[in-house]
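Encoded as structure tokens, the structure appears first; notes follow it.
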Amino acid sequence: MGIIRSALTSRPVRSLVSPNSIDDYLEQVHPMLAAENVRARVVEVRRETGEASTVVMRANGAWKGFQPGQHVQFGVEVDGTRRIRVFSVSSARPPKGRSRTFSVSVKAHPDGYVSQFLHKELTPGTIVYLSQAEGEFVLPREVPSSLLLVSGGSGVTPVMSMLRTLSASGHTGDVTFLHYARSRDDEMFTSELDELTEVPSFRVVRVYTRQPAPDAELQGRFHVDHLKHLGIDPVDTLTYVCGPAGLIATVRDTYDELGAAEQLRQEYFKVPSVDVDAADATGTLAFDTTLVEAPNTGATILEQAEAAGLQPDFGCRMGVCNTCAVKKNSGAVRHVVTGEISADTDETIKICVQVPVGDVNIAL
Amino acid sequence: MPITLRRSKKAPIKPRSASSHNAAPLTLINPYSEKPATIGLEHMTYEQLDEFGRELDAVRQRVLDDLGQKDADYIRRVIRAQRASEVLGRIGIFMPFFPPAFIAGIVFLGLAKILDNMEIGHNVMHGQYDWMNDPMVNGARYEWDNMAPAQDWKHGHNYIHHTYTNIHGMDRDIGYNLLRIDDDQPWYGTHRFNLPLAFVLMIVFEWGVMYHGIELDQYLQGKISKADFQGRKKRAMQKIRRQVFKDYIAWPLVGLALVPFVGWWAPLAILGANVVANIIRNIWTFLVIFCGHFPAEVQTFAEEDAQNESRGQWYLRQLLGSANISGHAPFHVLTGNLSYQIEHHLFPDIPARRYPEVAEDVKRLVEQYGLTYNTGRLSKQLASVARQLAVYGRKPSDPYKIGNSPESKALRRAKREEATRRAEALRGTQLTS
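Heads up: the sequence lines are chains A and B, in that order. One point on numbering: in our numbering, the residue at position 116 of the first sequence is 116, and numbering is uninterrupted. One point on numbering: in our numbering, the residue at position 328 of the second sequence is 692, and numbering is uninterrupted.
This is how it looks when you write it as structure tokens:
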């Protein structure tokens, strides 16, 4: 299959189908048939504890696999529009050989269009549109003998992939998993975490911050004492932390103070919240390509980009010609003529007629 | 590390209104005068023009709110038909030993190119399907099976032509710098050959569109920079290489495999089939596009009349400056629904399959305000275009209509001097203030 794939994406074939790509033709035969576009068929949608769902999928041959801890852009089509979100892979890395089945786990956010869709409506057999796995939050090739994994809330998903992989590969080093959830009901993967406590080299400690268990080892939010109690010396323990910004900030400060910053790997799990009726312009407008950020002034994104010294393409400046259309990576925007708000991740917008509402990230 | 610009005070969000977008496109704002544009005053008052604009805004929003699965399914069906006819076409022209299949192959390939250029390419590149968020139909990403590179075509078409529609000196699509199609265009000697030139342009239309996008005339007039011009040239050359290589070299080379079975001429037959398919597309697109703006009674405008125009006037200019072609459903698909040129110019970024439905509203407004809705069969509109080309190809008696007459030259010189004087006056006030 590898030879066919490289033949199909080779230059001669490209020039024969130019300006299209071979996938534009293959997908007409079957939506999973593609040389480069990663697609997957949903095999199973499992309801987890804590309002979460796990989507098990089988990817097509274009999928190059993943490292535990990586995430994937997950696109699902609802009423003609592809909605794209980034989800962490939660399953164990398959042993050598090329199993293309894996899963992502997602906590249903009350206002989250896609997470609610996954939780309530996604059915097996649906085709989803993926990217290759991305992200640097991965275990090293040689896992050291002492490892600490810290997660908070739904930040457990990438860590879960690491734990499952370590457990399945019979890893013998010490692994401590320190997880913070609001309550046992709110926790994802509860029964599986219960089982992982049985693994001899694993130490699984869960802290319920709002409804602590009566016999709990630790209580409250992350604190340096928690590490001391567990007998962990950050200086020689490779540590991964994933979760809300608050947790990561505390862990990072602790590691900085102890001079162990080098041992820390981190990944943010952000749940954006937007006040769409705000009278004042709030938030930050971030330009992703040029790495420029500026506080939102309430002007159109095009005007703000120009004020920030960028030179985006534009034409009519009245929403007609589409010259200024760019990808909005995240955040909500309001159309200046119609007042309509759109908050989708990864959608194309005309920046001359859109005003940011809260934090917005633009591919400029 | 991101660079963060700091600003201390929170600024208010602009009010939810179209007020700032009731302004004319940037270059149509007259910096010296606030006098509103005169477009449409023979039909309605300024209040009516504003109301007209609001009604059309409402129509646009109604359609946008309704977009969904059926529109996505439609464009995917068209893409599927396009892919199928392209594959059938490529197979057909590999059977030069069996003329019926060979000819069918040419027709299918021509059809595939027409669908790609019109209902898919043109419309997708307007951003009509950007809301689907599917990279296959993304306006910024799409590249079409045509000699003109998408980027430069989009600039000339989506921006220049669709914003400054039919304004002399601004819309470069009035006669494409080649033909005289309107009484207010200056006449030059070459316009005597209007009709034969138009015929040649029809046969090589995709090359014409590509050349138009290089904007050599704009460069020679100093309106675009050398870097811009060279970028355009470079992109055009790259696209030409790809298109020529595919249709006239790569596929005929694949046809070498047929030589033992068919004869030495097999690759030549395939080459010829590609040429013919491209010409079929060229003729069709030329006919549709010329009927969109060039029939008689389509209005053109002077820059002075459009300065400081309102949104309603912008809409009205689009309506008066375009013409429709009537026909059956399959005909409209083949034209990319550009047979609804009026609706397309009013709403260039809503999916074209919605134009018939929008036309009902447009006709209602046309009736309400006593406007003209220019429509007719393809043959009628074509005859009108041909007549226009013939009439305006003749040398006018008025010396001011002749481009290189002493009178016109004097007029242009006066205009240039006036502009310089104004610029200097402006600089003077800036220096003193």
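For every residue, glycine included, the Cβ atom is placed at its ideal position computed from N, Cα and C.
Beta-ladder partner(s) of residue i, from DSSP
i: residue 57(A); result: 42(A), 102(A)
i: residue 81(A); result: 78(A)
i: residue 688(B); result: 739(B)
i: residue 350(A); result: 325(A)
i: residue 151(A); result: 179(A), 242(A)
i: residue 52(A); result: 107(A)
i: residue 137(A); result: Residue 137(A) pairs with nothing; no bridge assigned.
i: residue 267(A); result: 242(A)
i: residue 733(B); result: None, per the DSSP bridge assignment.
i: residue 356(A); result: 333(A)
i: residue 71(A); result: 88(A), 134(A)
Collapsed DSSP secondary structure at residue i in the structure displayed
i: residue 242(A); result: strand
i: residue 287(A); result: strand
i: residue 361(A); result: strand
i: residue 365(A); result: The structure shown does not extend to residue 365(A), since chain A is modelled only from 1 to 364, so the question has no answer here.
i: residue 35(A); result: coil
i: residue 328(A); result: strand
i: residue 336(A); result: coil
i: residue 649(B); result: helix
i: residue 16(A); result: helix
i: residue 370(B); result: Since pLDDT at residue 370(B) reaches only 42, below the 50 mark, its modelled position is unreliable, and the value read off the structure follows with that caveat. Coil at residue 370(B), not helix or strand.
i: residue 662(B); result: coil
i: residue 90(A); result: coil
i: residue 748(B); result: helix
i: residue 631(B); result: helix
CB contact flag (residue i, residue j, <7 Å)
i: residue 763(B); j: residue 769(B); result: yes
i: residue 55(A); j: residue 45(A); result: yes
i: residue 588(B); j: residue 594(B); result: no
i: residue 156(A); j: residue 149(A); result: no
i: residue 599(B); j: residue 715(B); result: no
i: residue 533(B); j: residue 549(B); result: no
i: residue 683(B); j: residue 663(B); result: no
i: residue 667(B); j: residue 401(B); result: no
i: residue 741(B); j: residue 690(B); result: yes
i: residue 90(A); j: residue 606(B); result: no
i: residue 34(A); j: residue 62(A); result: yes
i: residue 478(B); j: residue 645(B); result: yes
i: residue 165(A); j: residue 182(A); result: no
Any chain A beta carbon closer than 7 Å to residue i
i: residue 671(B); result: no
i: residue 711(B); result: no
i: residue 497(B); result: yes
i: residue 436(B); result: yes
i: residue 433(B); result: yes
i: residue 704(B); result: no
i: residue 507(B); result: yes
i: residue 719(B); result: no
i: residue 504(B); result: yes
Proximity test, Cβ basis, 7 Å: residue i and chain B
i: residue 325(A); result: yes
i: residue 268(A); result: no
i: residue 315(A); result: yes
i: residue 80(A); result: yes
i: residue 338(A); result: yes
i: residue 28(A); result: yes
Residue nearest to residue i in terms of C-alpha spacing, selected from the options
i: residue 10(A); options: 36(A), 28(A), 68(A); result: 36(A)
i: residue 639(B); options: 506(B), 416(B), 511(B), 621(B); result: 511(B)
i: residue 230(A); options: 164(A), 298(A), 146(A); result: 146(A)
i: residue 281(A); options: 253(A), 127(A), 360(A), 91(A); result: 360(A)
i: residue 580(B); options: 560(B), 558(B), 516(B), 605(B); result: 516(B)
i: residue 571(B); options: 429(B), 735(B), 650(B); result: 650(B)
i: residue 526(B); options: 678(B), 669(B), 474(B); result: 678(B)
i: residue 660(B); options: 686(B), 643(B), 635(B); result: 686(B)
i: residue 547(B); options: 765(B), 771(B), 785(B); result: 765(B)
i: residue 201(A); options: 290(A), 168(A), 17(A); result: 168(A)
i: residue 52(A); options: 76(A), 108(A), 19(A); result: 108(A)
i: residue 458(B); options: 608(B), 695(B), 422(B), 622(B); result: 622(B)
i: residue 81(A); options: 604(B), 695(B), 440(B), 523(B); result: 440(B)
i: residue 232(A); options: 162(A), 269(A), 175(A); result: 175(A)
i: residue 498(B); options: 79(A), 197(A), 29(A); result: 79(A)
Listed by chain order, chain C residues near residue i by CB distance under 8 Å
i: residue 15(A); result: Given the protein chain composition of this structure (A and B), no chain C is represented.
Residue i beta carbon near the ligand COA (any heavy atom closer than 6 Å)
i: residue 554(B); result: Within the structure as shown, the ligand COA is missing, as the structure has no ligands at all.
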